[in-house]
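In the numbering used here, the protein residues as written are 739 to 876.
Idealized CB from N, CA, C, for every residue including glycine.
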């Protein structure tokens with residue numbers, strides 16, 4: 739074995755694109771054999787979005803209270819998708835631990851870790867919400 743042999747380059751990550759359909763297909767492909775992979779599609783005025791998680795890994799009450807309810811109460815009145823996404827990130831869901839991911843593989847890892855994803859059509863990134871089911875975490 740050659741000690742100076744370089745390791746194969748890490749596979750390039752797949753960036754999110756602005757198409758919700760394409761992003762859902764990319765994530766769905768990674769979870770094709772997973773029976774607990776859940777996608778909840780949302781229509782928020784003229785903006786399409788999706789919440790993604792593994793069933794049983796996230797706290798449903800916290801999802802409803804901290805994410806779904808604020809989203810459905812704050813319709814994007816004439817806003818562009820990026821402006822709506824930024825408003826959600828900065829104000830609507832500020833009371834829950836969140837971060838952003840820009841790559842499909844990072845989003846997949848976040849879902850496997852028990853987090854909730856929010857994808858918005860027209861936005862090439864995702865919000866990750868930490869709404870882990872505390873019973874699973876123990």
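| query | result |
| --- | --- |
| Coil, strand or helix - residue 864 by DSSP | strand |
| Alpha-carbon spacing of residue 762 relative to residue 829, whole angstroms | 25 Å |
| Endpoints, the beta strand (DSSP E) within which residue 788 is located | 785-792 |
| CA-to-CA distance, residue 868 to residue 805, given in whole angstroms | 11 Å |
| Reference residue 755; option with closest CA among 850, 820 and 837 | 820 |
| Pair within 8 Å by beta-carbon distance, residue 864 and residue 824 | no |
| Three-way DSSP call (helix, strand, coil) for residue 839 in this model | strand |
| For residue 846: DSSP bridge partner residues | Paired residues: none, contrary to the question. |
| Residue 764 and residue 842 closer than 8 Å at C-beta | yes |
| Contact set for residue 752: own chain, Cβ-Cβ below 8 Å, skip 5 residues either direction | 764, 841, 842 and 843 |
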